[in-house]
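Novice: If you want the numbering used here, it's the 1-based position in the sequence shown plus 75.
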Amino acid sequence: MKSSAANATAKSGNTLQVAVVSVADDARYQPRRAERRWPGHSTGRLLSAARLAVDDAQVELQEAGLSLRLREAVAADADQLAATLQQLQTDKVAYWLLDLPDALMPQAVQAAQKAGALAINASSPLDSLRSQSCGASAVLHSYPSQSMLADALAQFLAARSWREVLVLQGSSPADQLQLQAWQRASKRYGLKTTDTKTFKLSGDPRERDAANPKLLTAERKHEVVAVWDAEGEFARSLVYATQWPRPVLGSSGLTALAWHAQWERYGGPQLNRRFVKLTQRPMTGQDWAAWVGVKSLVTAWVAEPKGTPQTLAARLRTGQVQVDGFKGQSLSYRAWDGQLRQPVLLAHADGVVQTAPMEGVLHPIDTLDTLGVDDKESPCKTR
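1) Is the beta carbon of A125 sitting closer than 9 Å to the one on G400?
2) Alpha carbon to alpha carbon, how far is M358 from E239?
3) Excluding sequence positions up to five away, which residues of its chain have a Cβ less than 6 Å from the Cβ of A213?
4) Using 8 Å for Cβ pairs, my map puts L420 next to W338. What's the rounded Cβ distance?
5) Within 10 Å of its beta-carbon, does I440 have 16 or more other beta-carbons around it, so buried, or fewer, so exposed?
6) Compare the beta carbon distance of S123 and S198 with 9 Å and say whether it is the shorter of the two.
7) What whole-angstrom Cβ distance do L232 and L266 have, given they're in contact under 8 Å?
8) Less than 9 Å separating the beta-carbons of A227 and L446?
9) What's the gap between the Cα of R434 and the Cα of S405?
10) Less than 9 Å separating the beta-carbons of A249 and E308?
11) Would you mind giving the Cβ-Cβ distance between D284 and L290, rounded to the nearest angstrom? I have them listed as a contact below 8 Å.
12) Quick one: what does DSSP say A310 is sitting in, helix, strand or coil?
13) Within a Cβ cutoff of 6 Å, which residues of the same chain sit near E298, ignoring the five residues on either side of it in sequence?
14) Let me know the secondary structure DSSP gives E339 once reduced to three states.
15) What did DSSP end up calling A80 once you bin it into helix, strand or coil?
16) Give the DSSP bridge partners of K296, in chain order.
17) Which word fits T165, buried or exposed, when buried means at least 16 other C-beta atoms lie within 10 angstroms of its C-beta?
18) Which whole-angstrom value describes the C-beta separation of V428 and L329, a residue pair presumed to lie in contact below a C-beta threshold of 8 Å?
19) Starting from the Cα of A151, find the closest Cα among L201, Q345, V96, G343 and give me that residue.
20) Please check the pair L143 and A365, which I expect to be a contact at CB under 8 Å, by giving their CB distance rounded to whole angstroms.
21) With a 10 Å radius around its C-beta and 16 neighbouring C-beta atoms as the bar for buried, classify N287 as buried or exposed.
22) Quick one: what does DSSP say N347 is sitting in, helix, strand or coil?
23) Do D174 and Q361 have their CB atoms nearer than 9 Å?
24) For the segment 407-422 against the segment 214-222, do three or more pairs of beta-carbon atoms, one drawn from each stretch, fall closer than 8 Å, so that the two count as touching?
25) Just confirm the distance between the C-beta atoms of V93 and L372, as a whole number of angstroms; I'd bet it's less than 8 Å.
26) Please list the terminal residues of the continuous beta strand (DSSP E) segment that includes A169.
27) Going along the chain, which unbroken runs of the beta strand (DSSP E) with 3 or more residues stay wholly within the segment 118-185?
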């Protein structure tokens, strides 16, 4: 386990220590995968984004007489994660930024709850992570949920009256989770699925047709193709390869993202330039979620310097603290599931087309709650 300050205590005087939790063998960061830079995929570890957030907060912290230190908490592999988290508890490090694959997130959330730590999920979109951690009031999610991303795309189609959708899906569990979120969003915004087809990537010549874009899209009665491919290998080949001239969205084409390197408004260019200068790579949605997660913690701590993980989490979840995420609106966390309300960027490789919520989409309290699981829909009743 690496630390930015040897033998530093978790909170010494006016210094707060935040652990960035990860695993060394995380498949998301394998060089070959990261180099491809597929839409929505993380391309680098989130420590750099956390460092940028600390740098950005220096003036605010200094004026309040506070300081924040980052600590790397890197488990060798999944089997060692429990020991790494236990060491944080032993060292009384009570603020965790989670940079973990989906499969390990529930374990980290449970450990945070047991340790009384405030944990921020900056990388996983799993809806189940939000719904199954209702009692974990000190767990926050700065990265958008899969339902939020799907709702953003569905709103976009509904706003344009493009309602007939051909759905192409993979067969992996991650593909199925994306499909489930899309089916919910599609029903919510009145879209019609003309057909659902399963693609299959295979080296077997006999199965080649199962990944043939022209054959899969041969039926003409659809206005849009939605592709759900968590890995991204098939989706990347679909744009401009369909049988008929139809827009593609989902895992390729028009994608729903937390952030985009070409976001040109509300301070986005300045943030992107600072991040590239620090890391020599573009900022992704996961990077932004780590940056805004640390920024959220700083904002809450400055407002309550003697706060505990529980009181700071409560301050964030009750809307007492709002955060500027450079998306044009003040952001706050939902009381029911700890999810950060935020606009979602709808983008292709070269730029942002629009942001959701769409103009005209209404909500009795906050239009940002039209993205994802709203209060009355959530199984979480903790306030």
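Yeah, the Cβ is synthetic: ideal placement off N, Cα and C, and Gly gets one too.
Specialist: In terms of the structure at hand:
1) In the sequence shown, residue 125 corresponds to position 50, counting from 1. In the sequence shown, residue 400 corresponds to position 325, counting from 1. No, they are not a contact pair.
2) As a first step, residue 358 must be located in the sequence shown, where it is residue number 283. As a first step, residue 239 must be located in the sequence shown, where it is residue number 164. Roughly 33 Å separates the two Cα atoms.
3) To locate residue 213, count along the sequence shown from 1; it is residue 138. For A213, where only same-chain residues beyond five positions count, the Cβ hits under 6 Å are L193, P384, Q385, A388.
4) As a working note, residue 420 is residue 345 in the sequence shown. As a working note, residue 338 is residue 263 in the sequence shown. Going by Cβ atoms, the distance from L420 to W338 rounds to 6 Å, so yes, they are a contact pair.
5) Taking the sequence shown and counting its residues from 1, one reaches residue 440 at position 365. Exposed is the call here.
6) To locate residue 123, count along the sequence shown from 1; it is residue 48. To locate residue 198, count along the sequence shown from 1; it is residue 123. Taking 9 Å as the Cβ cut-off, S123 and S198 do not qualify as a contacting pair.
7) Here residue 232 refers to the residue found at position 157 when the sequence shown is read from its first residue. Here residue 266 refers to the residue found at position 191 when the sequence shown is read from its first residue. The C-beta distance from L232 to L266 rounds to 6 Å, short enough to fall under 8 Å.
8) In the sequence shown, the residue the question calls residue 227 occupies position 152. In the sequence shown, the residue the question calls residue 446 occupies position 371. Cβ distance < 9 Å, so A227 and L446 count as in contact.
9) Taking the sequence shown and counting its residues from 1, the one referred to as residue 434 is at position 359. Taking the sequence shown and counting its residues from 1, the one referred to as residue 405 is at position 330. Residue 434 is actually Glu in this sequence, not Arg. C-alpha separation (whole angstroms): 17 Å.
10) The sequence position of residue 249 within the sequence shown is 174, counting from 1. The sequence position of residue 308 within the sequence shown is 233, counting from 1. Here A249 is not near E308, since their CB atoms are 9 Å or more apart.
11) Position 209 of the sequence shown, counted from the first residue, corresponds to residue 284. Position 215 of the sequence shown, counted from the first residue, corresponds to residue 290. For a cut-off of 8 Å, the C-beta gap from D284 to L290 is around 5 Å, short enough to register as a contact.
12) The residue given as residue 310 occupies position 235 in the sequence shown. A310: helix per DSSP, three-state reduction.
13) For the purposes of this step, residue 298 is taken as residue 223 along the sequence shown, with counting starting at 1. The answer, listed in chain order, is W237, E239.
14) Position 264 of the sequence shown, counted from the start, is the residue given in the question as residue 339. Coil, per DSSP.
15) As a first step, residue 80 is located in the sequence shown; it is residue number 5 there, counting from the start. Note on A80: pLDDT 38, under 50, position unreliable in the model; no value is reported.
16) Looking up residue 296 in the sequence shown gives position 221. In the DSSP assignment, K296 is bridged to no other residue.
17) The residue you call residue 165 lines up with position 90 of the sequence shown. T165 is exposed by the Cβ-count criterion.
18) The count along the sequence shown starts at 1 and reaches residue 428 at position 353. The count along the sequence shown starts at 1 and reaches residue 329 at position 254. 6 Å between Cβ atoms; contact.
19) To locate residue 151, count along the sequence shown from 1; it is residue 76. For the options L201, Q345, V96, G343, the alpha carbon positioned closest to that of A151 is the one of V96.
20) Position 68 of the sequence shown holds residue 143. Position 290 of the sequence shown holds residue 365. Incorrect: roughly 14 Å between the Cβ atoms, too far for contact.
21) Taking the first residue of the sequence shown as position 1, residue 287 is located at position 212. N287 is classed as exposed because its beta carbon has fewer than 16 other beta carbons within 10 Å across all chains shown.
22) As a working note, residue 347 is residue 272 in the sequence shown. Looking at N347 - three-state DSSP - the assignment turns out to be helix.
23) Position 99 of the sequence shown holds residue 174. Position 286 of the sequence shown holds residue 361. Yes, these two residues count as a Cβ contact at 9 Å.
24) Yes, since at least three Cβ pairs between the segment 407-422 and the segment 214-222 fall closer than 8 Å, the two stretches touch.
25) For the purposes of this step, residue 93 is taken as residue 18 along the sequence shown, with counting starting at 1. For the purposes of this step, residue 372 is taken as residue 297 along the sequence shown, with counting starting at 1. With 8 Å as the limit, V93 and L372 qualify as a contact, their Cβ atoms being about 7 Å apart.
26) Within the sequence shown, the letter at position 94 stands for residue 169. Judged by DSSP secondary structure, A169 falls outside any beta strand (DSSP E); it is assigned neither H nor E.
27) Under the rule that a run must span 3 or more residues, the beta strand (DSSP E) segments found entirely inside the segment 118-185 read 142-150, 170-173.
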